[in-house]
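**Student:** Got a structure for you, questions after.
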Amino acid sequence: MLRYVLKRILASLLTIFFVATATFFVMHMVPGDPLADTKATTPEIRAQLMESYGLDKPLWEQYKIYLKNMAQGDFGVSYTQKNRSVNNILKEHFPVSAILGVLALIFATLGGVLWGALTALYRNKWPDYVIMFFVILGISVPNFVFAGLGQLLILKVNAFFGYEVMPVLGWGTFLHMLMPALVLGLGTMAFLSRLMRSSMLEVVNTEYVRTARSKGLGQFRIFWAHQLRNAVLPIVTVLGPQIAAITTGGFVVEYVFGIPGLGRSFVTAVHQLDYTVIMGLTVFYSAFLILMIMVVDIVYGFIDPRIRVEA
Amino acid sequence: MGKVLNSVFHGALLAALIVFGACKQDVKLGKTVRLAFAEEPPTLNHLLVTDQVSNRVLGHVMEGLTRYDHKNRIIPAVAEKWDLEEKKATFYLRKDAKWSDGKAVTAHDFVFSWRKVLEPKTASQYSFIFYPIKNAQKINTGKLSSDQLAVKALDDYTLEVHLEQPCPYFLALTAFSTFLPLREDFYKDRGSRYAAEASDLLFNGPFKLTEWKHMASLKMEKNESYWNKAAVNIDVIDVPYITPDNRSRFNLFKDNKIDFVELNTETIDEAVKGKHRFKKFAEGTLFYMQFNFAKGRVTANKNLRKAIKLVFDPVTFVNRVESVPGNLPGISIIPTTLKGVSGRFREEFPMPVPKPDLALAKKHMALALKELGLSKAPSIHWLTGDNPTSDKQSQFIQGLLKKTLGIELKIDKQIFKQRIAKMHAKDFDIVAAGWGPDYDDVMTFADLFTSWNENNHGRYKNAEYDQIIREASATLDAKKRMVLFDRIQKIVDRDIVALPMYERGKVYLTSPRIKGIVRNPVGSDPSFIFAKIVE
């Protein structure tokens, strides 16, 4: 087991290195640079600016310097937020996205398991059709539509009750998190429902379920002790990437609800060609994603003894 | 069954708790102004500030030698009085101006700050604005060390400045945020962390920044060390929301969560329907078509440019395309907001409103085609930005040029950095450009098309134009200068160096509980320093 984990860690580090390299070079291929602004500067001043930021060095040298600093945990300082280090940006904004993401994931998982199980239990009856209709909506309708609708709903509720039941935007209390987390989790919830449904239907015809039924066990007991536990396995597999996607993305939700999360920082940085922030956040995101996948793979091995991955 | 009922009951209780828990009593607002910003200030280090949001905060928490009053006139601030000579300015600082830590604001703070701006290592993008000061440009280009700057502290409260040549707008420059003072001991103590957080700054303005949660909120409170605190009627400027979404900010205003909001095309219709009374403000930015004069470009042909000018009607443009009340038709390269000799420049030196003339335009177009050796109208590369406003404008102009002159306008939409890159690389025939004033003097627009101005992206070159600007830079005589600037606006019009499209106006709503909000086309805007709460 230990050898397996060590091999995975090594592979992960290699992957992160490749991601960083690819991002670095692609980023520099984009026309423009972080120092260009609407008011143009004279060639002399521009040369000086480039020198101050080390952008006048040949690309390979910049790359080597960057790698050396990265190995020491120094991702540099933002070009646009001129006195904030990238580490500081990560430290301040990642927890926000993380909390939002975890909450969204809880909604998504609970909802997904619940709806998926219900549709499987009542398959081809009306609950199945109704839930599946909403599931398809949830998968096809983009996030920003739900975000806008969600905010509108809050406004209407506030207007109806005459006081602020839930804040329209911002961050800070549990009530601030409720609607954004719901909106963020909707897509995943729909996807997980679909997954859960197929998984449940697969399990329903297996031998151990038929054995349990022939033993005379109650419907609920079979559902809980046998079907659910096994059907949940595919969900655990996709949770890894979903966690990373939800926690560090969600830009639209952060934008509409005014949440100071990492998604917003990331998109702003790309727009401004803020090299250091782009690199720092990309490396961080990929490291996080890889870590989540690794954790899930290891956990999976414990949950399902049939699929213990051998070194 | 009992278990289910139990859960339902608990669920309902939880819901009720949430609902009533959120029920807040109406908080007494007191002397607080609540705002929502569209963006987080990228930096509050005045040496590096270039954007409007940072300037807005700095305008409230810092103060330079001078500032703008509620009528946008320059008034004493840290400097009590001054002596202005042809090439020398002496400022006498007041003795009761203090930093938020109690220490006095001295002339040394200005000397240190201005030297720092010009040091090449600082990489300040507004260092050019110091060039009227003797040796400033040489220092900024690395030819002299910063202690050679011709700015001296004669004593703690007297600042002497020597100029390269007479600069009639030097006083207006001293109100600009890059000219703010900086405490050397504090700056050195904080090092690279200077201005990173609210605690990494010292304040000498009417307010101090007490809270700053990046991308989320910030709060400014009355500065008890401010020399003129008696004149400040606001206790707190609270910015609990930072969101780029226009509609969200409008919703917050409707919900009485903020006291000020700017409207755009999305939200104006709603505001009109909701019978909100909005205010207009000519914000000072001019948008214009900048033509590329490089050899080989069709836009270098004067007859072609003349044809385009004769079919473009700026009045129709502002009424139909960007129908935001407050936008003014673009008539001259000098916008209406700048002052002239004693009143407004455009009132003292008016330009005629352009009248489209299709027949004449077609004649010029035919001439252009002959001169260019073309059998049919060329296609034109139109470089523009990526937002709904530029989309509408580009499509309007595309339709117009096709219909009237047969010109195929190829719309090249680029996001910010890429558009800048293309502009610098001169990769366009026409670029939809915009320019805002850096200081309150006509020169900030008039020198746009000199052969040495890097912002002259079309590379228009005219010895007469250059000479007029040199003359206007060398004299303090206001009347003489304005007459020279009038010649400039006429040259731009006659040669069609650039074609003005519109002057941007802003439309905004304010809460009836606040009076005295000042809008300023140059410098910190909006300003709440002179505001008062009227409950």
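Chains A and B, in that order, are what the protein sequence lines are. Using my numbering, the letters of the first sequence map in sequence onto residues 1 to 311. Using my numbering, the letters of the second sequence map in sequence onto residues 312 to 846. Glycine residues also receive a C-beta, built at the ideal position from the N, C-alpha and C atoms. Note that the structure is a prediction, hence the values are computed from the model and not measured.
#1: Any idea what DSSP makes of B:K728, helix, strand or coil?
#2: Could you check whether the Cβ of B:I741 sits closer than 9 Å to any Cβ belonging to chain A?
#3: A:P260 and A:E92: beta carbons closer than 9 Å?
#4: Taking the C-alpha atoms as reference points, what is the distance between B:P431 and A:S286?
#5: Cα separation between B:L520 and A:V253?
#6: For B:F604 and chain A, any beta-carbon pair shorter than 9 Å?
#7: Does any C-beta atom of chain B lie closer than 9 Å to the C-beta of A:I259?
#8: Quick one, which residues of the region 489-506 of chain B are near chain A if we go by CB-CB under 8 Å, in chain order?
#9: Report yes if the CB atom of B:P492 is closer than 9 Å to the CB atom of B:V368, and no otherwise.
#10: Apart from the five residues on each side of it in sequence, which residues of its chain come closer than 7 Å, Cβ to Cβ, to B:A582?
#11: Per DSSP, what kind of secondary structure is A:M294 in: helix, strand or coil?
#12: Measuring CB atoms only, is the region 337-347 of chain B touching the region 541-552 of chain B, in the sense that at least three cross pairs come out at less than 8 Å?
#13: Within the 9 Å Cβ cut-off, does A:S265 reach chain B?
#14: Look at the alpha carbon of B:C334 and the alpha carbon of A:L184, and state the distance between them as a whole number of angstroms.
#15: Could you check whether the Cβ of A:Y275 sits closer than 9 Å to any Cβ belonging to chain B?
#16: When we look at the beta-carbon of A:V145 and count the other beta-carbons within 10 Å, is it buried (16 or more) or exposed?
#17: Cβ of A:T42 less than 9 Å from any chain B Cβ?
#18: Determine the burial state of B:F628: buried for a count of at least 16 other Cβ atoms within 10 Å of its Cβ, exposed for fewer.
#19: Can the beta-carbon of B:D624 be found closer than 9 Å to that of B:P665?
#20: Would you verify that the beta carbon of A:L155 is, or is not, closer than 9 Å to some beta carbon of chain B?
#21: In whole angstroms, give me the CA-to-CA distance for B:L512 and B:S536.
#22: Got a sec: is the Cβ-Cβ distance from B:E594 to anything in chain A below 9 Å?
#23: Let me confirm a value: A:V299 is counted as buried when at least 16 other C-beta atoms fall within 10 Å, else exposed. Which label applies?
#24: Shorter than 9 Å from the beta carbon of A:Q81 to some beta carbon of chain B?
#25: When Cβ atoms are compared, which residues of the region 516-539 of chain B fall closer than 8 Å to chain A?
#26: If you drop the 5 nearest sequence neighbours on each side, which residues of the same chain put their C-beta closer than 7 Å to that of A:R264?
#27: Whole angstroms are fine: how far does the CA of B:A670 sit from the CA of B:K620?
#28: May I ask which residues mark the beginning and end of the alpha helix (DSSP H) holding B:K714?
#29: With DSSP as the reference, please indicate the residues paired to B:W746 in a beta bridge.
#30: Look up B:V829 in the DSSP assignment and say whether it is helix, strand or coil.
#31: If we define contact as Cβ-Cβ less than 9 Å, is B:K335 a contact residue for chain A?
#32: If the cut is a Cβ gap below 9 Å, which residues of chain B does A:Y122 touch?
#33: In the DSSP assignment, what residue or residues form a beta bridge with B:M531?
#34: Could one say the Cβ of B:H357 lies closer than 9 Å to chain A's Cβ atoms, at least one of them?
#35: Within 9 Å of any Cβ in chain A, is that where the Cβ of B:S411 sits?
#36: Which stretch, first to last residue, makes up the beta strand (DSSP E) that contains A:R264?
**Tutor:** Let me lay it out:
#1: For the purposes of this step, residue 728 of chain B is taken as residue 417 along the second sequence, with counting starting at 1. In the structure shown, B:K728 sits in a helix (DSSP, three-state: H, G or I).
#2: Residue 741 of chain B sits at position 430 when you count from the first residue of the second sequence. Closer than 9 Å: no.
#3: Walking along the first sequence from the start, residue 260 of chain A turns up at place 260. Walking along the first sequence from the start, residue 92 of chain A turns up at place 92. Going by C-beta atoms, A:P260 is nearer than 9 Å to A:E92.
#4: In the second sequence, counting from the first residue as 1, residue 431 of chain B sits at position 120. In the first sequence, counting from the first residue as 1, residue 286 of chain A sits at position 286. Approximately 37 Å between the Cα atoms of the pair.
#5: Translated into positions along the second sequence, residue 520 of chain B becomes position 209. Translated into positions along the first sequence, residue 253 of chain A becomes position 253. Those two C-alpha atoms are separated by around 29 Å.
#6: Here residue 604 of chain B refers to the residue found at position 293 when the second sequence is read from its first residue. Residue contact check for B:F604 against chain A: no CB pair falls below 9 Å.
#7: In the first sequence, residue 259 of chain A corresponds to position 259, counting from 1. Yes - at least one Cβ of chain B is within 9 Å of the one on A:I259.
#8: S503, R504, Y505, A506
#9: Taking the first residue of the second sequence as 1, we reach residue 492 of chain B at position 181. Taking the first residue of the second sequence as 1, we reach residue 368 of chain B at position 57. No. Outside cutoff.
#10: Locating residue 582 of chain B in the second sequence gives position 271, where the first residue counts as 1. Closer than 7 Å at Cβ, skipping near neighbours: L574, F589, L820.
#11: Translated into positions along the first sequence, residue 294 of chain A becomes position 294. Three-state result, A:M294: helix.
#12: yes
#13: In the first sequence, residue 265 of chain A corresponds to position 265, counting from 1. Using a Cβ-Cβ cut-off of 9 Å, A:S265 counts as an interface residue toward chain B, since at least one Cβ of chain B sits closer than that to its own.
#14: Translated into the one-based positions of the second sequence, residue 334 of chain B becomes position 23. Translated into the one-based positions of the first sequence, residue 184 of chain A becomes position 184. Note on B:C334: pLDDT 44, under 50, position unreliable in the model; the coordinate value appears next. If I take the Cα positions, the gap works out to 26 Å.
#15: Sequence index remark: in the first sequence, residue 275 of chain A carries index 275 (1-based). Closer than 9 Å: no.
#16: Numbered from its first residue, the first sequence carries residue 145 of chain A at position 145. With fewer than 16 other beta carbons inside 10 angstroms of its own, A:V145 counts as exposed.
#17: Here residue 42 of chain A corresponds to residue number 42 of the first sequence, with the count starting at 1. For A:T42, the answer is yes, since a Cβ of chain B falls inside 9 Å of its Cβ.
#18: Counting from one through the second sequence, the residue named residue 628 of chain B turns up at place 317. B:F628 should be labelled buried.
#19: Along the second sequence, read from residue 1 onward, the residue named residue 624 of chain B stands at position 313. Along the second sequence, read from residue 1 onward, the residue named residue 665 of chain B stands at position 354. Yes, Cβ-Cβ distance for B:D624 and B:P665 is below 9 Å.
#20: For this step, residue 155 of chain A is matched to residue 155 along the first sequence. Yes, contact with chain B.
#21: Translated into the one-based positions of the second sequence, residue 512 of chain B becomes position 201. Translated into the one-based positions of the second sequence, residue 536 of chain B becomes position 225. So the alpha carbons of these two residues sit roughly 15 Å apart.
#22: Start at 1 with the first residue of the second sequence, and residue 594 of chain B comes out as number 283. It does not: the Cβ of B:E594 has no partner Cβ on chain A nearer than 9 Å.
#23: Position 299 of the first sequence, counting from 1, holds the residue named residue 299 of chain A. Looking at its Cβ environment, which holds fewer than 16 other Cβ atoms inside 10 Å, A:V299 is exposed.
#24: Translated into positions along the first sequence, residue 81 of chain A becomes position 81. Yes, because at least one Cβ of chain B sits closer than 9 Å to the Cβ of A:Q81.
#25: K524, H525, M526, A527, S528
#26: As a first step, residue 264 of chain A is located in the first sequence; it is residue number 264 there, counting from the start. If we look at A:R264 and ignore the five residues flanking it on each side, its Cβ neighbours are F251, E254, Y255.
#27: The residue you call residue 620 of chain B lines up with position 309 of the second sequence. The residue you call residue 670 of chain B lines up with position 359 of the second sequence. Their Cα atoms are separated by approximately 13 Å.
#28: As a position in the second sequence, residue 714 of chain B is number 403, starting the count at 1. Here the alpha helix (DSSP H) through B:K714 covers 699-716.
#29: Against the second sequence, residue 746 of chain B aligns to sequence position 435. B:W746 is bridged to B:L597.
#30: Numbered from 1 along the second sequence, position 518 holds the residue referred to as residue 829 of chain B. Three-state result, B:V829: strand.
#31: Counted from its first residue, the second sequence places residue 335 of chain B at position 24. Here B:K335 scores only 45 on pLDDT, less than 50, and its place in the model should not be relied on; the value that follows carries that caveat. So yes, B:K335 belongs to the interface.
#32: Taking the first residue of the first sequence as 1, we reach residue 122 of chain A at position 122. Neighbours of A:Y122 on chain B: none; closest Cβ ~18 Å, over 9 Å.
#33: Indexing the second sequence from 1 puts residue 531 of chain B at position 220. Partner(s): B:L520, B:I548.
#34: Looking up residue 357 of chain B in the second sequence gives position 46. No, B:H357 does not count as interfacial toward chain A.
#35: One-based indexing of the second sequence puts residue 411 of chain B at position 100. Closer than 9 Å: no.
#36: If you number the first sequence from 1, residue 264 of chain A lands on position 264. Here A:R264 belongs to no beta strand (DSSP E); instead the alpha helix (DSSP H) covers 262-271.
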